[in-house]
Each structure stands twice: as C-alpha cells, then as structure tokens.
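Novice: The sequence shown lines up with residues -15 to 322 when you count with this note's numbering.
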Amino acid sequence: MIIQFLISLFIALFISLITTPLVRNFFIKKNFVEHPRDKEKKSHNATALTAVPRGGGIPVYLAIVVTILFLLPDNKYLIGIIIACTLNLIIGVWDDLKDISPHLRLVTNILTALIIIGSGIGITFISNPFGGIINLSYGLMPYLLAIIWITWCTNIVGWATGVDGQLPGFTAIAAIILGILGMRFSNDLGQLPLIILSGALAGAYLGFLPFNVFPQSIMPGYSGKSLAGMLLGVLSILSGAKLATLILLLGIPMIDAIFVIIRRLLNHRSIFRPDNKHLHHQLLKSGYSRPQIAMFYWGITLLLGSISLFLNSTQKFYTFIGIFILIFFFSWKLSRRI
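#1: Using the three-state DSSP reduction, which class does Val17 fall into: helix, strand or coil?
#2: Would you mind giving the Cβ-Cβ distance between Ile99 and Ala68, rounded to the nearest angstrom? I have them listed as a contact below 8 Å.
#3: Could you check what DSSP says for Ile110 in three-state terms: helix, strand or coil?
#4: Which residues in the same chain have their Cβ closer than 6 Å to the Cβ of Ile311, if we skip the five residues on either side of it in sequence?
#5: Which same chain residues, not among the five before or five after Leu56, have their C-beta less than 7 Å away from its C-beta?
#6: Inspect the CB distances between the stretch 226 to 238 and the stretch 290 to 302 and report whether three or more fall short of 8 Å.
#7: Would you kindly work out how many angstroms separate the C-alpha atoms of Trp136 and Leu6, rounded to a whole number?
#8: Considering only their Cβ atoms, is the gap separating Tyr206 from Thr155 smaller than 8 Å?
#9: Can you check whether the CB of Ile107 is closer than 8 Å to the CB of Pro86?
#10: Tell me the DSSP secondary structure of Val36 in three-state form.
#11: Could you spell out where the beta strand (DSSP E) holding Asn119 opens and where it closes?
#12: At the level of alpha carbons, what is the spacing between Asn9 and Phe16?
#13: At the level of alpha carbons, what is the spacing between Ser315 and Ile309?
#14: Any idea what DSSP makes of Val7, helix, strand or coil?
#15: Less than 8 Å separating the beta-carbons of Gly208 and Val44?
#16: Among the candidates Ser223, Ile132, Asn59 and Ser297, whose CA atom is the shortest distance from the CA of Val91?
#17: Count the other CB atoms within 10 Å of the CB of Ala35; is the residue buried (16 or more) or exposed (fewer)?
#18: Should Arg253 be labelled buried (16 or more other beta-carbon atoms within 10 Å of its own) or exposed?
#19: Helix or strand or just coil, what does DSSP make of Thr31?
#20: Compare the Cα-Cα distances from Gly153 to each of Ile284, Lys82 and Ala47 and report the closest residue.
#21: Leaving out the 5 sequence neighbours to the left and right, which residues in its chain are closer than 8 Å to Phe109 when beta-carbon positions are compared?
#22: Please list the terminal residues of the continuous alpha helix (DSSP H) segment that includes Met203.
#23: Pick helix, strand or coil for Tyr272, following the three-state DSSP scheme.
#24: Thinking just about the alpha-carbon of each residue, which of Met167, Leu211 and Leu263 is nearest to the one in Met(-15)?
#25: I need the straight-line Cα distance from Pro113 to Ser297, nearest angstrom please.
#26: Quick check on DSSP: helix, strand or coil for Val77?
#27: Return the CA-CA distance between Ile(-13) and Leu(-7), expressed in angstroms with no decimal places.
#28: Does the Cβ-Cβ distance between Leu(-3) and Gly191 come in under 8 Å?
#29: Does Pro199 pass the burial test, meaning 16 or more other C-beta atoms within 10 Å, or should it be called exposed?
#30: Whose C-beta lies closer than 7 Å to the C-beta of His19 among residues of the same chain, with five residues either side of it excluded?
#31: Taking Cβ positions, are Leu128 and Ala159 nearer each other than 8 Å?
#32: In whole angstroms, what is the alpha-carbon distance linking Asp259 and Asp58?
#33: On the three-state DSSP scale, how would you describe Pro152?
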C-alpha cells in the first residue's frame, strides 16, 4: 500500500502548493491580514514580525478533500470526516476573519467530533501500558471518549502554532508516522482509508510549509490548526486506537498544553484566555530564533515518531513519562532565565 500512500501524498502536495499562494494573494488583496501586536488577546500569535494573512486552512482543506474523494470509495466514515472538515473550515475561516469567542470554538470542536462519531468512529479499546488491552465497548463510552480525544487533539495542536513553520512541519511528520503504522498491515484492506488520509494530510501540510516557514507569508490560522488537530486525532483512532502513539508523537504540544492549563488554573485565569507562556514563547524569550524553534518541534516529533515504531505500549508509556519529566525541568530552567 506504499504506492497508494505516496500517490495521495503527492496529489495533496501538488494541490496545496498551487492553491496556497492563490489564497494568500486573495486575503492580502482583501486586506484580511493579522496585525499580531494590535490586541492583547492575540498575544499567542505575537511571534509574527509583520502583518500576515491567515486562512491557511483553505488550501489544506482543498488538498485533503480532493485527494480522498479522488482515491477513496464512498463510505460512511469518509462522508462523516468530510462533513466535519467542512464545518471545521467554515468556523476556522470565520475565526480567521472575525476572531470568534474561544468558548464558541470549543462548542464547534465538540460538534465536529459529534459528526465524526456519528459516522461510526469510536474508541472501543486502548492498549494497556502494562500488557493486554482495555475494553471500552460499554454503551456510549467509545463515542464519549472519541469526542473528548478529538476535541483535546484539536486544541493542543492549535496551541502549538506560535512560530513560522512550526505547525505544518510536525503535523506532516506525525501523519507520515501514522501512515507507516497503517502500512505495517498492508494485507488489511481496512487500513486503506487510514493510509490514504495520512498521505493526504501529510502532503497538504508539506505543500503549505514553504509559504509558512520563516519569514512566513501566510499563517495556518485557526482554520489550518484545528483541521490538523482534528484529523490527527481521527487518524490515531482509525489506526487501531494508536492513542499512545499520537501522545508520543505530539509529546511536546501535549505536555506544553498540560503545563499551560495547570498554570492558568493556579493563577485563577481562564484556560481559554491566550497568553505568551507556551514553550515556544519561552524559547523565543531565551534567544532562540523562529527557525530554530520550528526545527526543534520537527526534530522532536521525528525522533519520537521513529522511536514509537519500535516500542510496545509499556515502553511508550515510560518514554512519555520520561519526556514529561525532561520538559518539566527544561521549562523550569527557561522560566528562571527569562
């Protein structure tokens, strides 16, 4: 199935490469640009140097949807994913233009997750880190867990988008790793949707990457980052409940999100209110350049993804714990220096 994976990757890559500059030029022409330092509420995007258009989700969406429509037969999973992606794009572009409430974003995240589980996608089991599997096929539990998981992934990926090139790089790497996991079961035709969707996701963000690396000429915006998080969450379920693999792949964004939530709660601050306390902000304040930070995220994702291909569930669990401890002390040292 490697041929199908490569075909989907290159189709999505080509579409993304062609449509991204068209969307960028249209947004600039209409003056749909973001001035990051204009408002305190946009401080989470204050790493941009100049006014830059958002709307990166549009070319990514087109690349993914056209690719999977071209390569995959109709089925209920596919229809649910496309409808969810479409709603995600609409809300995302609306936010890119108007900055909607974070509470409304959360509601729409849950709604898109509901659409996905409505197509029959759920978490029926997870691997037990101490051996065996944990059966979750009890009533509505598979679907409730899928809603929580997809919503969580949508948000934590969205929080890891502070510097040029950061998001599309680690998203593409994570999608490729999940695709490789699917190709391990090349005799199972049920893995074909996973493989093609993984290739399409990777290709779409690789095609977007040249326009987003420093100095970026277009940002992913909420449309681009929410789409990445949602689809990575879906892929981890379709790959046979490889939640531990995605947790490891997105180890830095996951741990950063946990720290940020805890910090905001301890400071009696809404977890929905953006700030400049994320890891990439701390790295910027410590003197690291934007390209260095982006490559740090790419490198860690590639390293952890490569390792995950050879680890069992127990090893992934202890690896994540080790990374958690390392990132904790790394963030603590950074905070003391700035």
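Beta carbons are placed, not taken as given, at the ideal position from N, Cα and C, and that holds for glycine.
Specialist: Per the coordinate set shown:
#1: Residue state for Val17 is assigned as strand, using DSSP reduced to three classes.
#2: So it is a contact: roughly 4 Å between Cβ atoms.
#3: Note: Ile110 maps to strand in three-state DSSP.
#4: So the qualifying residues of the chain are Ile239.
#5: Answer for Leu56: Leu62, Pro177 and Ile180, listed in chain order.
#6: With a cut-off of 8 Å, the stretch 290 to 302 and the stretch 226 to 238 count as touching, because enough Cβ pairs lie within range.
#7: Straight across, the Cα-Cα distance linking Trp136 with Leu6 is about 31 Å.
#8: Not in contact: Thr155 and Tyr206 (Cβ atoms no closer than 8 Å).
#9: Annotated as distal: Pro86 and Ile107, with beta-carbon spacing of 8 Å or more.
#10: In the structure shown, Val36 sits in a strand (DSSP, three-state: E or B).
#11: If you look at Asn119, you'll find it in the beta strand (DSSP E) that goes Ile117 to Asn119.
#12: So the alpha carbons of these two residues sit roughly 10 Å apart.
#13: In a straight line, the C-alpha of Ser315 is about 10 Å away from that of Ile309.
#14: Three-state result, Val7: helix.
#15: The Cβ-Cβ distance between Gly208 and Val44 falls below 8 Å.
#16: Minimum Cα distance to Val91 is reached at Ile132.
#17: So Ala35 counts as exposed.
#18: Exposed.
#19: Unreliable positioning characterises Thr31 in this predicted model, as indicated by a pLDDT of 46, which lies under 50. A coordinate reading is not provided.
#20: Among Ile284, Lys82 and Ala47, the Cα nearest to that of Gly153 is on Ile284.
#21: Only Ile117, Ile118, Asn119, Leu120, Ser121 and Ala225 meet the Cβ criterion.
#22: That residue, Met203, is in no alpha helix (DSSP H); it is neither H nor E in DSSP.
#23: In the three-state scheme derived from DSSP, where H, G and I count as helix and E and B as strand, Tyr272 is classed as coil.
#24: When C-alpha distances from Met(-15) are compared across Met167, Leu211 and Leu263, the shortest belongs to Met167.
#25: Taking the straight line joining both Cα atoms gives about 5 Å.
#26: Val77: helix per DSSP, three-state reduction.
#27: Straight-line Cα distance between these residues: approximately 10 Å.
#28: Yes.
#29: Its Cβ having fewer than 16 others within 10 Å, Pro199 is exposed.
#30: Spatial neighbours of His19 in its own chain (CB-CB distance under 7 Å, excluding positions within 5 residues in sequence) are listed in chain order as Ala35.
#31: Not closer than 8 Å, so no.
#32: Asp259 and Asp58 have their C-alpha atoms spaced approximately 42 Å apart.
#33: Assignment of Pro152 by DSSP, reduced to helix, strand and coil, places it in the helix class.
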